[in-house]
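Position in the sequence shown counted from 1, then plus 1413, gives you my numbering. Cβ atoms here follow ideal geometry from the backbone N, Cα and C, with glycine treated the same way. Report on one structure; see the data block that follows.
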Amino acid sequence: MGQAAFDALKTLLMSPPVLRIADPERPFEVITDASDIAIGAVLMQDFGNGLQPIAYESRKMQSAERNYPVHDKEMLAIVHAFKIWRCYLTGADVTVRTDHKSLQYLRAQPNLNPRQIRWLDYLESNFTYKITYKKGANIIADALSRPSAQLAAVLVAQSKPLLSVYYLRSGTDRIWVPSYRLLRELLIQEVHDSNLSGHFGVDKTLKVLQRFYYWPDMVTDVQRYMAACPICQRMKSSHQRPTGLLQPLEPPQRPWQHVTMDFVTGLPAGPSGNDAVLVVVDRLTKMAHFAPCPTTITAEETARLFISTVVRLHGIPAAIISDRDPKFTSKLWHDTWARYGTHLQFSSAYHPQMDGQTERTNQTMEQLIRTNCPDRNKWEDVLPMLEFSYNNAPSATTNHSPFYLNYGMDPTATVSTNVER
1414 MGQAAFDALK TLLMSPPVLR IADPERPFEV ITDASDIAIG AVLMQDFGNG
1464 LQPIAYESRK MQSAERNYPV HDKEMLAIVH AFKIWRCYLT GADVTVRTDH
1514 KSLQYLRAQP NLNPRQIRWL DYLESNFTYK ITYKKGANII ADALSRPSAQ
1564 LAAVLVAQSK PLLSVYYLRS GTDRIWVPSY RLLRELLIQE VHDSNLSGHF
1614 GVDKTLKVLQ RFYYWPDMVT DVQRYMAACP ICQRMKSSHQ RPTGLLQPLE
1664 PPQRPWQHVT MDFVTGLPAG PSGNDAVLVV VDRLTKMAHF APCPTTITAE
1714 ETARLFISTV VRLHGIPAAI ISDRDPKFTS KLWHDTWARY GTHLQFSSAY
1764 HPQMDGQTER TNQTMEQLIR TNCPDRNKWE DVLPMLEFSY NNAPSATTNH
1814 SPFYLNYGMD PTATVSTNVE R
C-alpha cells in the first residue's frame, strides 16, 4: 500500500497540474471566470500533450466591482489576467476562453459604456488576442473564483467518513487517537470532569486515560487541560512550599561599615570620555560620593575607582550591596574584596527595590544635573559641587545632613554662615 501511494505521488508530480515554464514561441490560452465575489484565471500552453498550466491567478472583488453587471464582471476577469501576465502575453498570440458567450462579440457591440471602452482600448492597443466561448463547466477557473464555502460544501458531500480505528499493538489494546485537538480534549474531559472521575490531578488523570487511549505528548495535553480547569483552580488547595519571609538588611553600627553602589549611565560624553557616574552611598549616614567614569569601565577599573573614592577616605567597608551587574559578579571583583574580608551582597534579579537607597540617590543626582547644569555636556565640571550640595542637605530619614553625621558639624556653604557669632 505504501509503495502504491509513493508511485501515485511520483505520477502526480510529473503530471498536470504541475506548473510548466512558459515557451514564448508557443501560443497562450487564458481561461477566465467570475463569480459574485471573486475573479479567477489560468494561463496555459499546449506542449504537444494537451494544455498544461503556466500560472494561476485569483482575487476578491472590491465593493464597487461587486455591483458590476455579469458582463462587466466577466470582462474584468479578462482584463485583470492580461495585466497580471503582461510579461507573457505582450507580442504573443493569445486565445481567451470564457463561459460568458456575449464576450466573443465584444468588438462588434455598438453600445459600450465608458468602462468597457477603456478596457477594450487597453486590450486592443497592447495585445493580439481573440475571445472564444467555452461551453459547459469551466472547472479550473471556477475553482479560483468560487467562494470557499461553496467548495467546502462540495468536498463534504463527496468525502467519505473516517471509519478506521488504529490500535497500539505493543502492550494492551489501546486506541490510537488521531491528531484532532477537540477529540483529545473531549477524552480528557471524560476521564477528569465527570461525576465518576473526581477532578483528580495530572498523574491520576493521565494513568486512567492511558488505560484506553494513546497519542504522542499526552502528558503536555493533560497538563494544559488541568491548568485551565476552573473547578480545580477554584476548589483545590496549593501544596507548594510557602515563600520565605523577607529578610531585612542588617543595620550598620558605624559610618561606612555598609555601603551601596550603582552606576548612572546615559549621560553625555564629556571631553574626558566619561558618560557615567559611580554612585556610592553610606547606609548609616546617607553620605554619597559621585565618581565620573566611562560606561565601558571594567571590573578591575571599578575596584581601583572605589578604592580611590571611598577606601582612601573611609576605610574598607564590611559589606558592599549592589545589583547583579556583570562587573560586580565577576571573579576579579569577588577575589579583590575577599582579600580584604568584605562581604558582597546582591539584590534580587529584576528587583532594584532591594537597593532603594542607591536608586533614590541616583534620581536625586540626575535631578541636580538637570537643574544646575544648563550645558549638560559639562556635567562633569559641576559634579563635585553637586556632591557637596547633596551631602550638605538634611536627609529625610535622619533629619541631619550626611556631613553632620560623619564629622559632627555642618560645613561652611555660604558667605553668611562664615560670619563669627
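Minimum Cα-Cα distance from Thr1673 among the listed residues Arg1696, Pro1523, Ala1704, Met1778 corresponds to Arg1696. Per DSSP, Tyr1481 lies in no beta strand (DSSP E) and is assigned neither H nor E. For Arg1647, the enclosing alpha helix (DSSP H) has its first and last residue at 1643-1648.
Glu1442 is bridged by DSSP to Met1457, Thr1508. A check of alpha carbon separations from Pro1591 across Trp1628, Trp1792, Arg1531, Phe1676 identifies Trp1628 as the nearest. Listed in chain order, the non-local C-beta contacts of Phe1540 below 7 Å within the same chain comprise Phe1495, Leu1502, Thr1503, Val1507, local neighbours out to five positions each way being set aside.
Taking C-alpha positions only, Ser1515 is separated from Ala1421 by approximately 42 Å. Residue pairing for Tyr1542: DSSP places it in a beta bridge opposite Val1507. Taking C-beta atoms under 8 Å as the contact rule, Val1635 and Val1615 qualify, at a distance of about 6 Å.
One alpha carbon belongs to Pro1523, the other to Ile1444, and they sit about 25 Å apart. With a contact defined as Cβ atoms closer than 8 Å, Cys1706 and Ala1689 qualify at about 5 Å. Counting the other Cβ atoms within 10 Å of the Cβ of His1756 gives fewer than 16, which makes it exposed. DSSP, reduced to helix, strand and coil, places Phe1625 outside both helices and strands of the structure shown, so it counts as coil. Residue pairing from DSSP places Gln1758 in a beta bridge opposite Ile1734.
Residue environment: Glu1470 is assigned as buried (16 or more neighbouring CB atoms within 10 Å of its CB, all protein chains considered). The continuous beta strand (DSSP E) containing Thr1673 extends over residues 1671-1677.
When secondary structure is reduced to three states using DSSP, Lys1744 falls in the helix class. Phe1703: member of the beta strand (DSSP E) spanning 1701-1706, first to last residue.
Residue burial annotation: Val1455 is buried, with at least 16 other C-beta atoms found within 10 angstroms of its C-beta. Taking C-beta atoms under 8 Å as the contact rule, Leu1745 and Ala1712 qualify, at a distance of about 5 Å. For the pair Glu1800 and Phe1703, the CB atoms are nearer than the 7 Å cut-off. The distance from the Cβ of Arg1479 to that of Asp1512 is about 19 Å, inconsistent with a contact at the 8 Å cut-off. Lys1548 carries a coil assignment under DSSP once its states are collapsed to helix, strand and coil. The beta carbon of Cys1645 lies closer than 7 Å to those of His1612, Met1639 in the same chain, with the five residues before and after it left out. Asn1785 counts as exposed, since fewer than 16 other beta carbons sit within 10 angstroms of its beta carbon. A Cβ-Cβ separation of about 5 Å places Met1700 in contact with Asn1819 under the 8 Å criterion.
Under the three-state reduction of DSSP, Gln1416 is assigned to helix. Secondary structure of Tyr1469 (DSSP, three-state): strand.
Apart from the 5 residues on each side of it in sequence, Thr1722 sits with its Cβ closer than 8 Å to the Cβ of Leu1691, Val1693, His1702, Ala1704 in its chain, given in chain order. Residue pairing for Asp1695: DSSP places it in a beta bridge opposite Val1672.
A residue is called buried once 16 or more other Cβ atoms fall within 10 Å of its Cβ, and Pro1815 is buried on that count. Within the same chain, Cβ atoms closer than 6 Å to the Cβ of Ala1731 are found at Gln1670, the five residues on either side in sequence being excluded. Contact check for Phe1441 and Gln1465: beta-carbon distance about 12 Å, past the 8 Å limit, so the pair fails to qualify. When the five nearest sequence neighbours on each side are left out, the beta carbons in the same chain lying within less than 7 Å of the beta carbon of Trp1532 are those of Met1488, Val1492, in order along the chain. Straight-line spacing of the CA atoms in Ser1735 and Ile1601 works out to 50 Å.
Across the structure, Pro1665 and Leu1680 are spaced so that their CA atoms are roughly 32 Å apart.
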